[in-house]
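If you read the protein sequences in the order shown, they are chains R and G. Each residue of the first sequence is one higher than the one before, counting from 0 in numbering that gives the first Met the number 0. Each residue of the second sequence is one higher than the one before, counting from 0 in numbering that gives the first Met the number 0. We treat Cβ as the ideally placed atom computed from N, Cα and C, and that holds for glycine.
Protein chains: 2
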Amino acid sequence: MTDPDTTPPASGKPRRRKDARPGEIIAAGISEFEENGFHKANLSRIAQKAGIAKGTIYLYYESKEALFLAAIEEQVTSVMSESEADLGAVNGTTRDLLNKLLKNMYDRFVHGEAQALFRILLTEGDRMPDVISSYHAMTVQRGTKLLKMILARGIDRGEVRPGPVLETPQVLIAPAVYFAVHKMMFKNAQPLDFEQYFEAHLDMLFNGVLKKQAAD
Amino acid sequence: MTDPDTTPPASGKPRRRKDARPGEIIAAGISEFEENGFHKANLSRIAQKAGIAKGTIYLYYESKEALFLAAIEEQVTSVMSESEADLGAVNGTTRDLLNKLLKNMYDRFVHGEAQALFRILLTEGDRMPDVISSYHAMTVQRGTKLLKMILARGIDRGEVRPGPVLETPQVLIAPAVYFAVHKMMFKNAQPLDFEQYFEAHLDMLFNGVLKKQAAD
DNA sequence: CGGCTTAATGACTTTTGGGTCAGTAGGGAT
DNA sequence: ATCCCTACTGACCCAAAAGTCATTAAGCCG
Numbered sequence: 000m001t002d003p004d005t006t007p008p009a010s011g012k013p014r015r016r017k018d019a020r021p022g023e024i025i026a027a028g029i030s031e032f033e034e035n036g037f038h039k040a041n042l043s044r045i046a047q048k049a050g051i052a053k054g055t056i057y058l059y060y061e062s063k064e065a066l067f068l069a070a071i072e073e074q075v076t077s078v079m080s081e082s083e084a085d086l087g088a089v090n091g092t093t094r095d096l097l098n099k100l101l102k103n104m105y106d107r108f109v110h111g112e113a114q115a116l117f118r119i120l121l122t123e124g125d126r127m128p129d130v131i132s133s134y135h136a137m138t139v140q141r142g143t144k145l146l147k148m149i150l151a152r153g154i155d156r157g158e159v160r161p162g163p164v165l166e167t168p169q170v171l172i173a174p175a176v177y178f179a180v181h182k183m184m185f186k187n188a189q190p191l192d193f194e195q196y197f198e199a200h201l202d203m204l205f206n207g208v209l210k211k212q213a214a215d
Numbered sequence: 000m001t002d003p004d005t006t007p008p009a010s011g012k013p014r015r016r017k018d019a020r021p022g023e024i025i026a027a028g029i030s031e032f033e034e035n036g037f038h039k040a041n042l043s044r045i046a047q048k049a050g051i052a053k054g055t056i057y058l059y060y061e062s063k064e065a066l067f068l069a070a071i072e073e074q075v076t077s078v079m080s081e082s083e084a085d086l087g088a089v090n091g092t093t094r095d096l097l098n099k100l101l102k103n104m105y106d107r108f109v110h111g112e113a114q115a116l117f118r119i120l121l122t123e124g125d126r127m128p129d130v131i132s133s134y135h136a137m138t139v140q141r142g143t144k145l146l147k148m149i150l151a152r153g154i155d156r157g158e159v160r161p162g163p164v165l166e167t168p169q170v171l172i173a174p175a176v177y178f179a180v181h182k183m184m185f186k187n188a189q190p191l192d193f194e195q196y197f198e199a200h201l202d203m204l205f206n207g208v209l210k211k212q213a214a215d
């Protein structure tokens, strides 16, 4: 080889940073995996995004799959710890609580970064049952528990009508998932109007959960 | 080559069938794409499933992508024409109509083949905007229209309470989509009980849509 | 039955991209 | 200043799979 330019022209930046690398690589990986899923994701491109050479990735991660798992794990835990915060304050009517919970969920799940994660897990989840189950624990399980608490409290307060929904409260937040899915598939073709949809969701939800004579 | 068996042991079948090929190839393709999605799908395996050589595929389809599009198109139209049937008979209470519609939807979408198609479009839909939009027209658009009709009729009959749901009736069927999604992600980890979920769905739905004093 | 058209074949070529490793150079220690 | 450890590089390697094409033979026609 006559290769003349093994050394790139130079940027004044430091080139050896063992400690900072993993984070940078993961960040680049997340971005790439979110855009392309696992199969179409390209390691050279990840390296490029991270501003390093492809080989460097392999100093920190054994394989594409290992990097993928690390990236997902990172995402899952970060999204989760975020939502740790806003669950403490349990005050107000059941209506208010559910309203708040849903808004939160739409923000996170439909508008936020959690959507990309969701898409990947939906698409590629089979290859990593443990990530799936921790995701399940942190989202569905946790959410279901919270909903049950709210509903039980609502019954005590005389605001909520008992019924089969108590056993499977996921139906209450299901429309948010539908919205996210719709957006994923049809964002280019036929977007849904959020405000309108949200109103409809609330309307259906409340008039199914609240006692007939309750608030409003 | 010492290969003795270029000619498979014999089935009395003819080997030259220009007319039958496309259908066979598409069928094999559908099966393969449903199992593996676009990227992991393998043309040699498709050929094998169709009982032909790989090269033969290229006599009928220009590329893997072209075959994919043809297969999906085929699926979309076939799934749709299936459901053409059971919409005509509009009799009974609004409750009955919705109940019937939902059952139908769960059957098709959650238990049936439509789920695989749904997954693929969710995953790989970006590459084919026209398929997406015809899918949208045939499912969402059509379903929305039907729901609006049922609701309008329900209002006329005094069974349905007017509200924002009329504008965005998708919220009514959203839980079915949630169920399908849940199944896709967590089928191994934590399956949902269908009967129970369905009851909860109906309960939420009806007590939001029906007038307080209506049926039941 | 021999000639001819063309469906079909499958070995071969090409492309793609994950993974490797001999070489380069940053920068602390002496 | 220069030595040495090691983070880093990127050309290379190789497997898998998409795509090609010279060759084979099915089956019609005269």
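Can you confirm whether residue i, when its beta carbon is compared against all beta carbons of chain G, has any partner nearer than 7 angstroms?
{"i": "R/Ile71", "result": "no"}
{"i": "R/His38", "result": "yes"}
{"i": "R/Glu166", "result": "yes"}
{"i": "R/Glu198", "result": "yes"}
{"i": "R/Ala179", "result": "no"}
{"i": "R/Val176", "result": "yes"}
{"i": "R/Ala136", "result": "no"}
{"i": "R/Ile119", "result": "no"}
{"i": "R/Gly124", "result": "yes"}
{"i": "R/Gln195", "result": "yes"}
{"i": "R/Ile131", "result": "yes"}
{"i": "R/Arg16", "result": "no"}
{"i": "R/Arg44", "result": "no"}
Grouping DSSP H, G and I as helix and E and B as strand, with all else coil, what is residue i?
{"i": "G/Gly111", "result": "coil"}
{"i": "G/Gly142", "result": "helix"}
{"i": "R/Asn90", "result": "coil"}
{"i": "R/Arg44", "result": "helix"}
{"i": "R/Met127", "result": "coil"}
{"i": "R/Gly50", "result": "coil"}
{"i": "G/Thr167", "result": "coil"}
{"i": "G/Thr6", "result": "Note on G/Thr6: pLDDT 35, under 50, position unreliable in the model; no value is reported."}
{"i": "R/Glu194", "result": "helix"}
{"i": "G/Asp106", "result": "helix"}
{"i": "R/Thr1", "result": "In this predicted model, R/Thr1 has a pLDDT of only 33, less than 50, meaning its place in the structure is not dependable enough to derive any value."}
{"i": "R/Lys147", "result": "helix"}
{"i": "R/Tyr60", "result": "coil"}
{"i": "G/Lys186", "result": "coil"}
{"i": "G/Pro174", "result": "helix"}
{"i": "G/Lys39", "result": "helix"}
{"i": "G/Asp202", "result": "helix"}
{"i": "G/Lys17", "result": "coil"}
I'd like to know whether the C-beta of residue i is nearer than 7 angstroms to at least one C-beta of chain R.
{"i": "G/Ala151", "result": "no"}
{"i": "G/Gln189", "result": "yes"}
{"i": "G/Gly162", "result": "yes"}
{"i": "G/Thr76", "result": "no"}
{"i": "G/Ser30", "result": "no"}
{"i": "G/Asp202", "result": "yes"}
{"i": "G/Phe185", "result": "yes"}
{"i": "G/Ala113", "result": "no"}
{"i": "G/Asn109", "result": "Before going further, note that residue 109 of chain G is Val rather than Asn in the sequence given. It does not: the Cβ of G/Val109 has no partner Cβ on chain R nearer than 7 angstroms."}
{"i": "G/Ala216", "result": "This structure gives no information on residue 216 of chain G, because the portion of chain G shown stretches from 0 to 215."}
{"i": "G/Val159", "result": "no"}
{"i": "G/Lys210", "result": "Unreliable placement is indicated for G/Lys210, whose pLDDT of 49 sits below 50; no coordinate value is reported for it."}
Can the beta-carbon of residue i be found less than 7 angstroms from the beta-carbon of residue j?
{"i": "G/Phe32", "j": "G/Ala40", "result": "yes"}
{"i": "R/Ala69", "j": "R/Ile29", "result": "no"}
{"i": "G/Ala65", "j": "G/Val109", "result": "no"}
{"i": "G/Val159", "j": "G/Thr93", "result": "yes"}
{"i": "G/Tyr134", "j": "G/Val75", "result": "yes"}
{"i": "R/Gly162", "j": "G/Asp202", "result": "yes"}
{"i": "G/Ile172", "j": "G/Met127", "result": "no"}
{"i": "R/Lys53", "j": "R/Ser62", "result": "no"}
{"i": "G/Gln140", "j": "R/Thr167", "result": "no"}
{"i": "R/Ala199", "j": "G/Val176", "result": "no"}
{"i": "G/His38", "j": "R/His38", "result": "yes"}
Report the CB separation of residue i from residue j in whole angstroms; it is logged as a contact under 8 angstroms.
{"i": "G/Thr143", "j": "G/Gln169", "result": "6 angstroms"}
{"i": "R/Tyr59", "j": "R/Pro21", "result": "5 angstroms"}
{"i": "R/Met184", "j": "G/Leu121", "result": "6 angstroms"}
{"i": "R/Leu97", "j": "R/Ile149", "result": "6 angstroms"}
{"i": "G/Gly36", "j": "G/Glu123", "result": "6 angstroms"}
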